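Numbering (our numbering), first residue to last: -9 to 294. Using N, Cα and C, we set each Cβ at its ideal position, and we do this for glycine too. On a predicted model such as this, the values are computed, not experimentally measured, just so you know.
Set out below in structure tokens:
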């Protein structure tokens, strides 16, 4: 649906985007992540033709693609209520269908049926985000761009917005979720791009990115018991390495070995040697750990 190649942008001689490449397919929920100020919003504004690029190519699959955009801080008219504002949006985008019916539809999708009766100036931040998503959805966009939709929300507001995004993703919507909150990406996205240093440092499906970086960095299984000398669990051939610590051992799987395979081998080895663990903990490398490692320069892709 969207391919970006060699995108560059500077502000007053200060480079923000150096050579950015992105690839988004129809039906992707693409988590674009990066620190504040790394160029995420700049990228979204260029895609939406709000600001010009300095260089590079932005190619859409089809001409006349419709984009729905929720900026980080949507500017809403406080003297209107939700119904009036969305009817206004319908008129502005020259919606060809029944505006009243479409307003009711997007209010239902975003859970704002009751809140739409109130003046926007009395909305909470979470309600502002939901009415902003409703506006972004109004014209049946082919691509929905959400810039920091859960930033600064309280836990309830964040949960409400994430529920909307989850439902949109399940319906097959193509979404760019621009954020620095990695658990949000891990919850709803199938693809991730880590923007760092003006370039796309990492891009791929979430499963592929995790496999790419796991290797010996991935903590697979922690077994709590008192290890003995020449501990048999540490001799398991499916383990890349074994660390002995006070009160247990940690097993790291070799490339291609699943947690289930490693766990089964560990359990049978313990049973054969009459070892009874006090606890077993499964841990996988998270997107947040990958992001911190990549941006901090401490992670390299695992050898495959």
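Buried versus exposed, by CB contacts within 10 Å (16 or more), residue i
i	result
residue 200	buried
residue 266	exposed
residue 174	buried
residue 105	buried
residue 126	buried
residue 269	exposed
residue 130	exposed
residue 211	buried
residue 285	buried
residue 243	buried
residue 87	exposed
residue 55	exposed
residue 160	exposed
Under the three-state DSSP convention, the category residue i falls into
i	result
residue 134	strand
residue 174	helix
residue 207	Low confidence applies to residue 207: its pLDDT is 48, below 50, so where it sits in the model is not reliable enough to give any reading.
residue -9	coil
residue 202	helix
residue 276	coil
residue 166	strand
residue 238	strand
residue 252	helix
residue 128	coil
residue 223	helix
residue -4	strand
residue 244	coil
residue 149	helix
residue 65	coil
residue 8	strand
residue 84	coil
Close-in-space but distant-in-sequence residues of the same chain around residue i (CB under 7 Å, 5 per side omitted)
i	result
residue 138	62, 168 and 169
residue 251	228
residue 0	6 and 44
residue 189	8, 9 and 10
Cβ-based neighbour list, residue i, same chain, cut-off 6 Å, excluding 5 preceding and 5 following
i	result
residue 136	60 and 167
residue -4	9 and 46
residue -7	13 and 49
residue 117	105
Nearest-angstrom Cβ-Cβ length linking residue i and residue j, presumed shorter than 8 Å
i	j	result
residue 96	residue 128	6 Å
residue 180	residue 196	6 Å
residue 216	residue 237	7 Å
Test: residue i CB closer than 9 Å to a CB of chain C
i	result
residue 62	Judged by its chain identifiers, the structure shown contains no chain C, having just a single protein chain.
Cβ neighbours of residue i in the same chain (closer than 8 Å, five flanking residues each side left out)
i	result
residue 281	23, 172 and 184
residue 38	57, 59 and 135
key: Any 3 or more C-beta pairs closer than 8 Å across the region 27 to 36 and the region 64 to 75   = Of all C-beta pairs linking the region 27 to 36 to the region 64 to 75, fewer than three are shorter than 8 Å, placing the two stretches out of contact.
task = Count the CB pairs spanning the region 143 to 154 and the region 97 to 105 that are closer than 8 Å, and state whether there are at least three.
result = Counting C-beta pairs with one atom in each stretch, the region 143 to 154 and the region 97 to 105 have three or more that are closer than 8 Å, which means they touch.
ask   = Is the region 155 to 170 in contact with the region 8 to 28, if contact means three or more CB pairs nearer than 8 Å?
value = The region 155 to 170, when compared against the region 8 to 28, does touch it at the 8 Å Cβ threshold.
key: Cβ contact (3+ pairs, closer than 8 Å) linking the region 121 to 138 and the region 49 to 66   = The answer is yes - the region 49 to 66 touches the region 121 to 138, with three or more Cβ pairs under 8 Å.
query = So does the region 47 to 66 actually touch the region 223 to 235, counting three or more Cβ pairs closer than 8 Å?
reply = Look at the beta carbons and you see the region 47 to 66 not touching the region 223 to 235: under three pairs across the two are nearer than 8 Å.
request  = Determine, using beta-carbon pairs with one atom in the region 171 to 185 and one in the region 255 to 263, whether at least three such pairs fall under 8 Å.
outcome  = Segments in contact, no.
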